[in-house]
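Protein chains in written order, with my numbering: chain X, 808 to 916; chain A, 808 to 916.
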């Protein structure tokens, strides 16, 4: 995947899609954490929230990797997980969109 | 402090005070976390809550050490931090209460 070229407009579109997915995922996480926190009543609940935040932080740190060598994989994962729609990547060329759709299918379930 | 003897009734009283302080501190922490979580609106707020929980968990794990060799120090700290009142340790003998009060004074501010 290292030999894929990204035009300037594709880079802009990819960055926009990447940021949009991140914002959506963070918004969902915030809603989840606020909901979880509102029901905390024991020390176990507290540390369960802590463990959950540790895991999500680690996961997000690894997932949102903007290196161009990784971007096709990252975007495919974001589509697969529902944070992006394939339609939102229409500004990428057909080769990239085909790869993303293929990866998306490949890892489905 | 290792040569301090704890009678059976003192052990029961110390355990009760220790558990009471823990419950109070956890209840205050839960209230704090619920309050903090309810105001989360950015990813920075999320990780700030995570860092806060990491620090508090580490602190609590270290602080609530029930070894009898540590108990005078632990009880003094719990009094100093306001989780216990000296009056709640009335069932300990005068020597232990004097040590606790002295440690409490020593580390004040």
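Glycine residues also receive a C-beta, built at the ideal position from the N, C-alpha and C atoms.
Can you tell me where the alpha helix (DSSP H) holding residue 839 (chain X) begins and where it ends? For residue 839 (chain X), the enclosing alpha helix (DSSP H) stretches over residues 815–845.
Min CB distance residue 853 (chain X) to chain A below 8 Å: With its beta carbon less than 8 Å from one in chain A, residue 853 (chain X) belongs to the interface.
I believe residue 817 (chain A) touches residue 899 (chain A) by the beta-carbon criterion, under 8 Å. Please report the beta-carbon distance rounded to the nearest angstrom. Contact flag correct, Cβ pair sits at about 5 Å.
6 Å Cβ shell around residue 871 (chain A) - same chain, five flanking residues per side excluded: 829.
Under 8 Å, do residue 841 (chain X) and residue 845 (chain A) count as touching if we go by C-beta distance? In this structure, residue 845 (chain A) lies closer than 8 Å to residue 841 (chain X) by Cβ.
Following the continuous alpha helix (DSSP H) through residue 869 (chain A), name the residue where it begins and the one where it ends. From DSSP, the alpha helix (DSSP H) with residue 869 (chain A) extends over 850–870.
Can you tell me whether residue 874 (chain A) is helix, strand or coil according to DSSP? Secondary structure at residue 874 (chain A): coil, using DSSP grouped into helix, strand and coil.
Contacting positions in the region 876–897 of chain X - beta carbon closer than 8 Å to chain A: Correct list: empty, as no residue qualifies.
What span of residues does the alpha helix (DSSP H) with residue 907 (chain A) cover, start to end? Its alpha helix (DSSP H) spans residues 901–913.
C-beta neighbour in chain A for residue 860 (chain X), strict 8 Å: By the rule that beta-carbons nearer than 8 Å mark a contact, residue 860 (chain X) touches chain A.
Hey, how far is the Cα of residue 887 (chain A) from the Cα of residue 857 (chain A)? Roughly 27 Å between the two C-alpha positions.
In three-state terms, what does DSSP make of residue 898 (chain X)? Correct three-state label for residue 898 (chain X): coil.
In angstroms with no decimal places, state the Cα-to-Cα distance between residue 850 (chain X) and residue 813 (chain X). Straight across, the Cα-Cα distance linking residue 850 (chain X) with residue 813 (chain X) is about 49 Å.
Our contact map puts residue 833 (chain X) next to residue 848 (chain A) with C-beta atoms below 8 Å; I'd like the distance itself, whole angstroms only. Residue 848 (chain A) and residue 833 (chain X) do not touch by the CB rule: their CB atoms are close to 10 Å apart, not below 8 Å.
Starting from the C-beta of residue 873 (chain A), find all residues in its chain whose C-beta is less than 8 Å away, skip the five residues before and the five after it, and write them out in chain order. The beta carbon of residue 873 (chain A) is closer than 8 Å to those of 822, 825 and 881 in its chain, skipping five residues each way along the sequence.
Where residue 915 (chain X) falls, given that 16 or more other Cβ within 10 Å makes a residue buried: Taking every protein chain shown into account, the CB of residue 915 (chain X) has fewer than 16 other CB atoms within 10 angstroms, so this residue is exposed.
Please classify residue 811 (chain A): does DSSP put it in a helix, a strand, or coil? In the structure shown, residue 811 (chain A) sits in coil (DSSP, three-state: anything other than H, G, I, E or B).
Could you work out which residues of chain A lie near residue 857 (chain X), taking near to mean beta carbons separated by less than 8 Å? For residue 857 (chain X), the C-beta contacts it makes with chain A under 8 Å involve 857, 860, 861 and 864, in order along the chain.
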